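Here UniProt numbering is used: the first residue of the sequence shown is 1, the next is one more, and so on.
The beta-carbon is built from N, C-alpha and C at its ideal position, and this holds for glycine as well.
Source: prediction; values computed, not measured.
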Amino acid sequence: MKYILLSIFTIGILTSCDPKSNYIDTGISNGKHDCSMLEYFHTSSYNWDSLLVMIQHAELESLFEGREPGYEQITFWGPTNHSIRRYMLDREITRISDMSKTFCKQIILMHVVKKRIMKDEMNFRIPDVTGKIVGATEMTTAGGVTLLGYREKSEYGGVADAGAVTLYLFSKNAETQIPLASPDIETLTGVVHSLNYNYTLGDLVPKTELEKIEKL
1 MKYILLSIFT IGILTSCDPK SNYIDTGISN GKHDCSMLEY FHTSSYNWDS
51 LLVMIQHAEL ESLFEGREPG YEQITFWGPT NHSIRRYMLD REITRISDMS
101 KTFCKQIILM HVVKKRIMKD EMNFRIPDVT GKIVGATEMT TAGGVTLLGY
151 REKSEYGGVA DAGAVTLYLF SKNAETQIPL ASPDIETLTG VVHSLNYNYT
201 LGDLVPKTEL EKIEKL
């Protein structure tokens, strides 16, 4: 009987969206969460604590709760704590409150698309001998960044396109590939595609453009 109770308790922890929960979620696996995106961020302090502070500082809570008109469902290309802290470390910033509210709002909106787009809804890249990204799903974020999301099939056992399907992201503004970690984290107010820990906040745009935003 003890084993049964333990299993039920474990399932309760893993599926809960109680903002008071503080279990470590690597953000690397897919999952459905029966709560708003903002509440989901509260379930994983290891990944999203700094983002939550930025959201609060920018007064964007309603956006992630689905209460912003026209943004009831969003796609969020989510920068984790590692991405935000690396940015701050590079600039010797010790507190998020030391960054302007305008900067925090603009940088967060760069990662927001005005509708829910799941991995399987994004196009497959069409092979091109020039190396250009052809056939990708193009989307413009609320912060004015143009992104290309696309899927590619990998080889398996020597057979082309027989392996896993991987999602990729490319910023047309910065002309650079953006590393992804975990797609299709579903919430009631949209989907999160978690960016890789190697991503640095601000890499969606050229350095000159980022510098202008930092002065706002």
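Helix, strand or coil for residue i, going by three-state DSSP, please let me know.
| i | result |
| --- | --- |
| aspartate 90 | helix |
| lysine 207 | helix |
| leucine 63 | helix |
| lysine 215 | coil |
| glutamate 175 | coil |
| leucine 169 | strand |
| tyrosine 156 | strand |
Would you tell me roughly how many angstroms separate the C-alpha atoms of residue i and residue j, rounded to the nearest one?
| i | j | result |
| --- | --- | --- |
| isoleucine 117 | glutamate 138 | 11 Å |
| asparagine 123 | glycine 70 | 24 Å |
| isoleucine 24 | isoleucine 213 | The predicted position of isoleucine 24 is uncertain, since its pLDDT is 36 and thus under 50; a value taken from the coordinates is nonetheless stated next. The alpha-carbon atoms of isoleucine 24 and isoleucine 213 are separated by roughly 33 Å. |
| tyrosine 197 | proline 183 | 14 Å |
| glutamine 177 | serine 83 | 15 Å |
| valine 145 | lysine 172 | 8 Å |
| serine 107 | serine 154 | Reading the sequence as shown, one finds isoleucine at residue 107 and not serine. For isoleucine 107 and serine 154, the distance between alpha carbons rounds to 33 Å. |
| lysine 115 | threonine 75 | 6 Å |
| glycine 190 | lysine 215 | 31 Å |
Residue i lies in the beta strand (DSSP E); which residues open and close that run?
| i | result |
| --- | --- |
| histidine 193 | 190-195 |
| leucine 180 | 180-187 |
| glutamate 39 | Looking at the DSSP string, glutamate 39 is not in any beta strand (DSSP E); the run it does join, the alpha helix (DSSP H), is 37-42. |
| glutamate 138 | 137-140 |
For chain B, find out if any of its Cβ atoms is closer than 8 Å to the Cβ of residue i; answer yes or no.
| i | result |
| --- | --- |
| tryptophan 48 | Checking the listed chains, one finds no chain B in this structure; it contains a single protein chain. |
Just reading off the alpha helix (DSSP H) that residue i is part of, what are its end residues?
| i | result |
| --- | --- |
| leucine 152 | Strictly speaking, residue 152 in this sequence is glutamate, with leucine absent from that position. Counting along the chain, glutamate 152 falls outside any alpha helix (DSSP H), though it belongs to the beta strand (DSSP E) covering 146-153. |
Runs of alpha helix (DSSP H) wholly within the region 97-133 (minimum 4 residues, chain order): 101-109
Three-pair Cβ contact test at 8 Å for the region 86-99 versus the region 115-135: no
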